[in-house]
Amino acid sequence: MRIVLSYLNPYKYKLIVNLLVKSGATLMELFLPWLLAYVIDTIIPTEDVGAIIIFGVLMLISSAIAFIGNVIANRMAARISSDAIKTLRDDGYTKIMNFSNRTVDEFKIPSLVSRMTTDTYHIYRMFNVVQRIGVRAPILLIGSIFLMVMIDLNLALVLIALMPLIIAVIYFISRRGVPYYSQLQKELDSLIRIVRENIAGIRVIKALAKEKDEQIKFEQVNLAVSKKERSAGYVVSMLNPMMNLLLNMGLITILYFGAIRVSQGLSQTGSIIAFLTYFTLILMSFLALNRIFLMYSRANASAIRIVEILQREDAFEVINAVAVPSDMHIEFRNVDFSYNKTKNHLENISFEIKRNQTFGIIGSTGSGKSTIAQLLLRFYDVDSGQILINGKDIKSYDIKELRSKFGVVLQNDVLFSSTVSDNIRFGRQVDDESLMDAANMAQATEFIDKLQGKYQQEVLRGGANFSGGQRQRMLIARALADHPEILIFDDASSALDYKTDATLRNQLRKSGMSTVILIAQRVSTVLNADKILVIEEGRIVGLGTHEELNRECDVYRELVELQLGGKEYVNA
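Residues in the sequence shown are numbered from -13 upward in steps of one, following the working numbering.
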């Protein structure tokens, strides 16, 4: 919690002003019951109408000051809290964006989403409530006790006797509640994961008629969340009734003894009214403090989860390495890699790619094709072996410098809610000519020119208002627009028809502007590549041209026979 609270440090002067304003408004509230008692006991018996009016106006002014002060302080509290949480979210988001894929896998995406939304909201509420109620309640509590002692020490002893019981109840119930909220947040992560997966895959679920199965999975996770909520609720729900019971018992006792003291002439009516008002303020203060304790319990659990993100050291190691002159643009040297550190997903991978060469990688689903691309982009680091670009280990490049060399279309790439041109530029300084050249090479000009807004046409989230082929062509244009040194197309033409796919590949080959890596399951996509790597279960089983592999590699020959009918296929 200390780290999270440090986000309030830039606003310490505003916090001091807010504290002073809130304190002043609260003191005005404390002043009113005493003023009322004075009017009842001292002014009214004199029947001095002028004095009564003066004190009435004074009470109105005190009320107005308290009201205005509370409004100003509450607005300041909301502003300070929102600004602090904005900074916290920014830092958390920046940290997550710089996580390696391995760290993201460790945290899990639904958990990261939950931490950046639900958890930060819990902390915002705590910041806000502590500034508002956390200042007001203690002042009302201490001030009311002090004034009650000043008014009637004997009656104040009733409250003093209840204080240890009230504090004990708050302490023990809050202590039991914190672990339940930590467990609840973990269950909420699972719930978010299920909802996210089902919404993303809703078409597949419906196509396979799996609605019932997914409903059962959701209900199981939802039930677990509900159980944790009930467990936490059962504990904290005892707090308010227990406090109300103790304080109401005190109120009844004060009324009883107060009536006796008034009848005996030991106390005045106005003093008893003020005493009861202060006792009510004390009741409200304890309930407010109770609310703060409950919020703190949940916010503390959230703060722990957010601090785990902020303190996670996941910087990419940058080693010192000198580039060795090489004819090869990209080199993999005896690379081994495992996602889970138990089973190798790539084993002894070695190959070389010359500059401006088109290099195909083909294999079945799960063979490790995309993993090669992710290692090249340094989404993950190799477990052993070495990857070089221009004769230099990729670990010696600054991560931004490394990735700026690539234009990439990955599996399940997305378009964003913006315009066609913004999606192709993607925040880079790409002039209109380069933009249109990229769209033309990606075979996207054909449909963009037919759009009502052309390059300014709105793109809905995920490109929902475009077909699969149109989305892929825009993604390819995005990769081409910045004239990258290396292009990686990971199954980037799966939604394109054969004619468009063939035209695209021919233009890429003729342009010779980049080294191109084509990752595919379709033989036709890689057939005309200068070299083709065949990978099976994380191991290289073939490397050569189409003709060489068709003669020498059984796995590749089988793919050709299955997809092309065994014919010697030459792409137009």
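Positions of the beta carbon are idealized from the N, C-alpha and C atoms, including for glycine.
Fair warning: this is a prediction, and the values are worked out from it, not measured in the lab.
Beta-bridge pairing of residue i - partner residues as DSSP gives them
| i | result |
| --- | --- |
| Val445 | Ser404 |
| Gln372 | Arg319 |
| Gly244 | BP columns for Gly244 are empty, so no partner. |
| Val502 | Thr344 and Leu473 |
| Lys378 | Ile375 |
| Leu98 | Beta-bridge pairing links Leu98 to no other residue. |
| Gly528 | Val520 |
| Met235 | Partner(s): none; Met235 has no beta bridge. |
| Phe392 | Ile472 |
| Phe337 | Phe318 |
| Leu332 | Phe323 |
Residue i vs residue j beta-carbon contact at 8 Å
| i | j | result |
| --- | --- | --- |
| Ile71 | Ile278 | no |
| Val512 | Val541 | no |
| Thr103 | Leu74 | no |
| Gly559 | Leu388 | This structure gives no information on residue 559, because the portion of the chain shown stretches from -13 to 558. |
| Asn114 | Ala52 | no |
| Ala506 | Asp477 | yes |
| Asp34 | Thr255 | no |
| Val25 | Phe41 | yes |
| Val575 | Ala467 | Here the chain has residues from -13 to 558 only, and residue 575 is not among them. |
| Leu22 | Ala260 | yes |
| Leu361 | Phe392 | no |
| Ser257 | Ile137 | yes |
| Ile191 | Glu205 | no |
| Leu374 | Glu432 | no |
| Ile292 | Asp379 | no |
| Tyr(-3) | Ile66 | yes |
| Arg565 | Ile295 | Any question about residue 565 goes unanswered here, given that the chain covers just -13 to 558. |
| Ala218 | Met(-13) | no |
| Ser500 | Glu471 | yes |
Candidates the options, of which the one nearest residue i by Cα
| i | options | result |
| --- | --- | --- |
| Glu303 | Lys381, Leu362 and Ile375 | Lys381 |
| Val406 | Arg179, Met149, Ala424 and Asp379 | Ala424 |
| Val368 | Arg319, Ile180, Val211 and Lys496 | Arg319 |
| Leu233 | Val221, Ile259, Leu151 and Asn208 | Leu151 |
| Ala359 | Val502, Lys485 and Asn226 | Val502 |
| Ala210 | Lys172, Leu237 and Arg491 | Lys172 |
| Leu473 | Arg537, Leu550 and His315 | His315 |
| Ser510 | Ser130, Ser500, Gln297 and Leu550 | Leu550 |
| Leu18 | Ser49, Val248, Ile137 and Arg411 | Ser49 |
| Arg464 | Ser312, Asn226, Phe158 and Leu421 | Leu421 |
| Phe265 | Ala287, Leu252 and Thr239 | Thr239 |
| Thr531 | Asn87, Asn60 and Phe345 | Phe345 |
| Arg454 | Asn398, Ile335, Phe475 and Ser403 | Rather than Arg, the amino acid found at residue 454 in this sequence is Gly. Checking every option, the nearest Cα to that of Gly454 belongs to Asn398. |
| Tyr282 | Arg101, Arg491, Tyr110 and Ala37 | Tyr110 |
| Asn342 | Leu504, Gly78 and Pro(-4) | Leu504 |
| Gly371 | Leu396, Val394 and Phe337 | Phe337 |
| Gly449 | Glu15, Ile410 and Ile29 | Ile410 |
| Ile128 | Leu237, Met270 and Phe475 | Met270 |
| Leu225 | Ile159, Glu538, Gln297 and Lys213 | Ile159 |
| Ala59 | Val116, Ser350 and Gln438 | Val116 |
| Ile385 | Tyr366, Gly377 and Leu396 | Tyr366 |
| Ala488 | Cys539, Thr32 and Arg508 | Arg508 |
| Gly377 | Ser350, Glu197 and Val310 | Val310 |
| Asp175 | Asp418, Ile518 and Phe93 | Phe93 |
| Leu177 | Ser497, Lys214 and Lys196 | Lys214 |
| Arg447 | Gly413, Ser404 and Phe412 | Ser404 |
| Gly78 | Gln438, Val(-10), Leu280 and Thr12 | Val(-10) |
| Thr12 | Thr486, Asp91 and Ile268 | Ile268 |
Inter-residue CB distance, residue i and residue j (contact presumed, cutoff 8 Å)
| i | j | result |
| --- | --- | --- |
| Ile180 | Val207 | 5 Å |
| Thr357 | Phe402 | Contact flag wrong, Cβ pair sits at about 26 Å. |
| Leu145 | Ile131 | 7 Å |
| Ile335 | Val321 | 4 Å |
| Ile39 | Ile30 | Wrong, their Cβ atoms sit about 12 Å apart, outside the cutoff. |
| Arg284 | His108 | 5 Å |
Min CB distance residue i to chain C below 8 Å
| i | result |
| --- | --- |
| Asp34 | The chain labelled as chain C is not found in the depicted structure, where only one protein chain is given. |
- Message: I want to know whether the stretch 454 to 470 touches the stretch 427 to 434 - three or more CB-CB distances under 8 Å.
- Response: The stretch 454 to 470, when compared against the stretch 427 to 434, does touch it at the 8 Å Cβ threshold.
- Would you call the stretch 120 to 137 and the stretch 257 to 277 in contact, with 3 or more CB pairs under 8 Å? Remark: three or more beta-carbon pairs, one from each stretch, lie closer than 8 Å, so the stretch 120 to 137 and the stretch 257 to 277 are flagged as touching.
- Query: Quick one: any contact between the stretch 136 to 154 and the stretch 80 to 94, if contact means 3 or more CB pairs under 8 Å?
  - Reply: Contact fails: fewer than three Cβ-Cβ distances are below 8 Å.
- Inter-stretch contact at 8 Å, needing at least 3 Cβ pairs: the stretch 323 to 337 / the stretch 521 to 530: Judged by Cβ distances under 8 Å, the stretch 323 to 337 makes contact with the stretch 521 to 530, as three or more pairs qualify.
- Message: Tell me whether the stretch -9 to 7 and the stretch 233 to 246 touch, counting them as touching only if at least three CB pairs, one residue from each stretch, are closer than 8 Å.
- Response: The stretch -9 to 7, when compared against the stretch 233 to 246, does not touch it at the 8 Å Cβ threshold.
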